[in-house]
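*Asks:* Just so we're aligned, residue 74 is where the sequence shown starts under our numbering, counting upward by one. My questions will all concern the structure given below.
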Amino acid sequence: MEKSNTLKWMVLTAMMTALITVVTMMIKIPSATGGYLNLGDFGIMISMAVVPFPYALFAAGVGSAFADIFAGYALYAPFTLVIKAGEVVILYGLRHHLESSRRWIPFCLAGLWMMVMYGFVAVWIAQSWGAMLIAFKGDVFQGLLAAVLATLYYPRMVKLVSTLNPKKNTLIGTDLVPWD
74 MEKSNTLKWM
84 VLTAMMTALI
94 TVVTMMIKIP
104 SATGGYLNLG
114 DFGIMISMAV
124 VPFPYALFAA
134 GVGSAFADIF
144 AGYALYAPFT
154 LVIKAGEVVI
164 LYGLRHHLES
174 SRRWIPFCLA
184 GLWMMVMYGF
194 VAVWIAQSWG
204 AMLIAFKGDV
214 FQGLLAAVLA
224 TLYYPRMVKL
234 VSTLNPKKNT
244 LIGTDLVPWD
């Protein structure tokens, strides 16, 4: 891999990490479990159109964890790092759907992953299974909103990225991921 390519991906990753942090923090609607609803998941889902898988993984986990720390929810940061990176893994695993009319499938599954995992985090923090139901109330809206927005805007992002970089498909990052 060329040095200039590496630098390009590092810069784009830093920008996506910052964007995910800011988008996560812009709209904060407190939830009953101490967390908040945000548009960060939409940013995470769209990051797959901008940077290759390993970089999207970093941007999602670190950007979201930074948002938790900066917003005063540091307790959630380690969980967020894993949960948000997990969303990218799901999207990457189901990436063959992203270019079809079934693109909603990976986005909905990523949102479902987020909802269920934060439900378990709520159970661990509150030491009560009832906390999962409370967490689901807010997280289902966040996951659905992100999935709907990503389903609608993902094709536009892919088109924008391909316009900016016509020689390379950065959608999946085939130049960086040897197992494709």
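Positions of the beta carbon are idealized from the N, C-alpha and C atoms, including for glycine. Given the structure is predicted, the values throughout are model-derived calculations rather than measurements.
Along the chain, where does the alpha helix (DSSP H) containing Pro179 start, and where does it finish?
*Replies:* The residue labelled residue 179 in the question sits at position 106 within the sequence shown. Segment 177–199, the alpha helix (DSSP H) holding Pro179.
*Asks:* Assign Ile119 to one of three DSSP states: helix, strand, or coil.
*Replies:* The count along the sequence shown starts at 1 and reaches residue 119 at position 46. Ile119: helix per DSSP, three-state reduction.
*Asks:* Taking 7 Å as the threshold (C-beta atoms), are Ala132 and Thr90 in contact?
*Replies:* Your numbering for residue 90 matches position 17 in the sequence shown. Your numbering for residue 132 matches position 59 in the sequence shown. At a Cβ-Cβ threshold of 7 Å, Thr90 and Ala132 count as neighbours.
*Asks:* Quick one: using the 10 Å Cβ neighbour count with 16 as the cut-off for buried, is Trp82 buried or exposed?
*Replies:* Position 9 of the sequence shown holds residue 82. It counts as buried.
*Asks:* So who's on the other strand from Leu110, going by DSSP bridges?
*Replies:* In the sequence shown, the residue the question calls residue 110 occupies position 37. For Leu110, the beta-bridge partners assigned by DSSP are Ile102.
*Asks:* On the three-state DSSP scale, how would you describe Met88?
*Replies:* Here residue 88 is taken as the residue at index 15 of the sequence shown, counted from 1. DSSP places Met88 in helix when its eight states are reduced to three.
*Asks:* Going by C-alpha to C-alpha distance, which of Ala87, Thr94, Tyr227, Leu85 sits closest to Phe143?
*Replies:* Along the sequence shown, read from residue 1 onward, the residue named residue 143 stands at position 70. Minimum Cα distance to Phe143 is reached at Thr94.
*Asks:* Assuming Met188 and Gly216 are in contact, meaning their beta carbons sit under 8 Å apart, how far apart are those beta carbons, in whole angstroms?
*Replies:* Within the sequence shown, the letter at position 115 stands for residue 188. Within the sequence shown, the letter at position 143 stands for residue 216. With a contact defined as Cβ atoms closer than 8 Å, Met188 and Gly216 qualify at about 5 Å.
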